[in-house]
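Numbering (this note's numbering), first residue to last: -14 to 100.
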């Protein structure tokens, strides 16, 4: 199942604002940037997997799918009103999908975004 559009960051200016003003949290496979929007709308996610991680688009997409699924599974526990961007690290290329999905939940918990 896919992460619905309402839960995704889609505009470049949204990504840029979170990168500029977001609070960073370190994780094993990614850096989580969190920005409190100050409203009660759904929290949204964005994922950045650069060419430095892998030149292979299939590998980058596999990483994004795993992270999206982890974000989707955490939606029921997530506080509203936050924008989150996950900047993927090199270590994610060799990680298992379920390991990355668990790490998303762990990072959100560490950032204090879970109810």
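Cβ coordinates follow ideal geometry from the N, Cα and C atoms, glycine included.
Extent of the continuous beta strand (DSSP E) to which residue i belongs
i	result
residue 55	Segment 42 to 59 is the alpha helix (DSSP H) holding residue 55; no beta strand (DSSP E) there.
Span of the alpha helix (DSSP H), counted from its first residue to its last, around residue i
i	result
residue 95	82 to 95
residue -4	Premise fails: residue -4 is in no alpha helix (DSSP H) and is neither H nor E.
Inter-residue Cα distance where the pair is residue i and residue j
i	j	result
residue 94	residue 62	10 Å
residue -10	residue 57	11 Å
residue 70	residue 19	7 Å
residue 66	residue 81	30 Å
residue 7	residue 26	17 Å
residue 59	residue 90	6 Å
residue 74	residue 88	13 Å
residue 53	residue 34	12 Å
residue 64	residue -7	15 Å
residue 13	residue 99	19 Å
residue -12	residue 46	14 Å
residue -14	residue 48	15 Å
residue 17	residue 28	14 Å
residue -1	residue 30	10 Å
residue -3	residue 3	10 Å
Bridge partner(s) assigned by DSSP for residue i
i	result
residue 99	63
residue 8	19
residue 1	Answer is none; residue 1 lacks a bridge partner.
residue 71	17, 32
Contact belief for residue i with residue j at Cβ below 8 Å, rounded distance in angstroms
i	j	result
residue 77	residue 15	6 Å
residue 22	residue 68	6 Å
residue 85	residue 51	4 Å
- Item | Every unbroken alpha helix (DSSP H) within the segment 13 to 43, with a cutoff of 4 residues, ordered by chain | none
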